[in-house]
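Heads up, the thing below is written out as structure tokens.
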Amino acid sequence: MPEIFAVLTAVILLSSCAERSDDGGNFYAGKTISYIVSTDPGGGYDTYARMIGSYLQKYIGADNVIIRNLPGAGHMVGANTLWRSRPDGLTIGTFNAGLVYGQLLGKDGVQFDLRKFEWVGKAAGEPRSIVVSNECSIQSMAELMAATEPVKFGTAGLGSASYSDTMLLADALNLKLITVPGFEGTEGEMSMMRGEICAILGSTSSHQAFVDSGYGHFIVSIGGSIDGVPNAMDLAESERARSLILIIDALAQLGRITAAPPGTPVDRVNALRAAYRQSLEDPALLDEAHRMARPIEPAIGDDVSQLVKAALDQTPETIEMIKKAIDGPNQ
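Heads up: the sequence shown begins at 4 in this note's numbering, then just goes up one per residue.
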């Protein structure tokens, strides 16, 4: 009987090893994964990456997951770096889905093709909203739409999602504003507190703490609902306006995405996807996310790939409409 037990144990262990080998899991033992974050520390993308990183390490069996912040050019520096990284499964990255705009419009500096990244997954969609400082002269969406003088909006770099979304919404609702680019992570909130800018269009969850702390409040939502706050779609008065708002919403639903470089071996991609899924299903992570008011609405692998491809599958007429809005007269 002891001999039979020993044989069965050996078979089980070998079977387990074979399973890990098939999905690339055993590759990560003793390895370090670099997780590129395309913003400064402290913002929403950084928060998600740091939260997920420790659980990813646990489930994939790596020795460490190191967060590497590479801000710049509206998430483009991080995305370009990931694109050029060795496709060995040891580098992954997260960046704003608004880079779809840059690829659609053929913007300078875009070195990547979003269709060709190996998509690991997304942690959540990210409904958008406008948050205004409580010290701003504009305190409601009605006041913003009636403004006769330009209102200062902070954005990330030119070509970033926050810049592009702001320009699209300005076109859709005929808003009079001036964009002040260059704010990454929480820099925009600090600038609002200093009175340098009035408002930001961005992720609702990223600005929730700012609002809860009494520094500002939401005046409009896109792709989500906030009690007592109008939805941008309800303010649209033309088909063009509705189309532009739908584009903002579609990219917001992509949300907090994570990818590996193109050409990463399939077994390692599968291992990353499995560990990412397990991480986002871990009760401890879900509790942590809840405490930080960070939504978790995961999608994995091919589901994300299909969302990215759908976002890029736009007619020439739609692309021209986006271009005119982003390069519009508000500048």
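Using N, Cα and C, we set each Cβ at its ideal position, and we do this for glycine too.
In the three-state reduction of the DSSP assignment, residue 197 falls in the coil class, being assigned neither a helical nor a strand state.
Under DSSP, residue 94 shares a beta bridge with 37.
Residue 251 and residue 94 have their alpha carbons spaced roughly 29 Å apart. By the Cβ test, the segment 267-279 is not in contact with the segment 241-256, since fewer than three Cβ pairs between them sit closer than 8 Å.
With respect to residue 258, residue 146 sits apart: the two C-beta atoms are not nearer than 8 Å. In the assembly as shown, residue 261 is a buried residue. Its beta-carbon has 16 or more other beta-carbons within 10 Å.
Shown here, residue 32 sits in coil according to DSSP, grouped into three states, outside any helix or strand. For residue 312, the closest alpha carbon among the candidates 253, 263, 225 is that of 253.
For residue 72, there is no enclosing alpha helix (DSSP H); the enclosing beta strand (DSSP E) covers residues 67-72.
Counting only runs that start and end inside the segment 217-286, the beta strand (DSSP E) elements of at least 3 residues fall at 219-225, 260-263.
Around the CB of residue 33, fewer than 16 other CB atoms lie within 10 Å, so the residue is classed as exposed. Between residue 222 and residue 126, the alpha-carbon positions lie close to 26 Å from each other.
For the options 206, 167, 76, the alpha carbon positioned closest to that of residue 227 is the one of 206. With 16 or more other CB atoms across the displayed protein chains lying within 10 angstroms of its CB, residue 210 is buried. Residue 180 carries a strand assignment under DSSP once its states are collapsed to helix, strand and coil. By the criterion of a C-beta distance shorter than 7 Å, residue 142 is surrounded in its chain by 135, once the five residues flanking it on both sides are discounted. Beyond the five residues adjoining it in sequence on each side, residue 204 comes within less than 7 Å, by CB distance, of 131, 133, 156, 165, 168, 169, 172 in the same chain, given in chain order. Under the Cβ criterion (8 Å, minimum of three pairs), the segment 299-313 counts as touching the segment 111-127.
Cβ-Cβ distances below 8 Å link residue 317 to 107, 325 in the same chain, with the five nearest sequence neighbours on each side left out; the list follows chain order. Judged by beta-carbon spacing, residue 56 lies beyond the 8 Å limit of residue 189, meaning their Cβ atoms are not closer than that value. In this structure the segment 67-77 lies against the segment 34-54, because at least three pairs of beta carbons, one per stretch, are closer than 8 Å. Residue 110 places its beta carbon less than 8 Å from that of residue 162. Per DSSP, residue 132 lies in no alpha helix (DSSP H) segment; the continuous beta strand (DSSP E) that holds it begins and ends at 131-136. Less than 8 Å separates the beta-carbon of residue 298 from that of residue 208. Between residue 91 and residue 119, the alpha-carbon positions lie close to 15 Å from each other. Cβ contact annotation for residue 114 (same chain, cutoff 6 Å, sequence separation greater than five): 83, 86, in chain order. Residue environment: residue 198 is assigned as exposed (fewer than 16 neighbouring CB atoms within 10 Å of its CB, all protein chains considered). Counting along the chain, the unbroken beta strand (DSSP E) around residue 203 starts and ends at 202-206.
Residues of the same chain with a CB within less than 7 Å of the CB of residue 219, apart from the 5 flanking positions on each side, are 134, 135, 136, 137, 195, 213 in chain order. Annotation for residue 307: 122, 124, 125, 260 place their beta carbon closer than 7 Å to its own, counting only its chain and skipping 5 residues before and after.
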